Each structure stands twice: as structure tokens, then as C-alpha cells.
Amino acid sequence: MKVFITFSPQQERLGGFEYEPQGNERLAYGKTCFPIIPAINGYAVPGEPFRVILVVQDYEFCRNNAAVFHEELNALCEEKGLVCQEVLELHVPFDDQVNSQISTFQALANAIRDDDDIHACIT
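Have a look at this one:
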């Protein structure tokens, strides 16, 4: 199954941005607050279920932005007839300590299944 992985942003105020795809027109999309949305738009197939893993740090703005992500994803799915089977929110600490990063990586590894086709936002 296709799995899209992203982090909920730390910004207090999100603003839509139109990303310019470089060498991959499948990523062409209008304004979005989340760089993974153009990937979902370009690679999810109508009627074919997919999953999203949303890493949410324990920080007010990250939690608030996770709710905005759900709204934007739901609008995209409705518009294009996409079937998001699950949005798995991985709640992780809001710090950069090595142990926290290892824990986050382990949680991501545990959430990925055999034969998943992974698409990730690394911005």
C-alpha cells in the first residue's frame, strides 16, 4: 500500500505556498501548507486506498497544524475521489535529544508494513 510520511509543522501561522516541481510534473499542485499534499495528489490513485503517517511533536502549534492537515487532506480526497484508509498520528516529544530522535525513528519503522510503497516529505 502507498504510505505518505510527513511531519506536522512547528510554525504558529501556516501560509499556503505553491511549490515548483523540478523534473516531476506529477508534483504540480496549487497552494498548500503541506509539501506532502502535492505528492499525495500526484501518486495516490482514485479508488486505491493509501495511508498517511503524520508525525506530531508535543507542541501546541504542531497539534494545531495537524488539524489543519486533516482538513486539507480531506478536501483533496473529496475533490479527487481518493481513499485515505488511515491517518496514523505518531505523537513524539518536542525536543532534539538523541534518544527522542531514535524513539521517533523507531516509531516510524514500526508503523511501516512489509511491501509498503513509501513517499516521504523531507523538508
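Sequential numbering from -15 applies to the sequence shown in my numbering.
Ideal Cβ positions, reconstructed from N, Cα and C, are used throughout, including at glycine.
Predicted model only: the values in this text are computed from it and were never measured.
Whose C-alpha, out of Pro(-7), Cys46, Thr16, Glu2, is nearest the C-alpha of Ala59?
Thr16
Do you know whose CA, among Gly7, Asp101, Tyr13, Leu38, lies nearest Val(-13)'s CA?
Among Gly7, Asp101, Tyr13, Leu38, the Cα nearest to that of Val(-13) belongs to Asp101.
Check the C-beta distance from His75 over to Ala23 and give it rounded, since I have them as a contact under 8 Å.
Actually they do not touch by this definition, with Cβ atoms about 23 Å apart.
On the premise that Ala95 lies in contact with Leu72, defined as a C-beta separation below 8 Å, what is that separation, rounded to the nearest angstrom?
The C-beta distance from Leu72 to Ala95 rounds to 6 Å, short enough to fall under 8 Å.
Report the start-end ranges of each alpha helix (DSSP H) in the region 2 to 31 that is 4 residues or longer and not cut off at the edges.
20 to 27
Is the beta carbon of Gln41 less than 8 Å from the beta carbon of Gln85?
no
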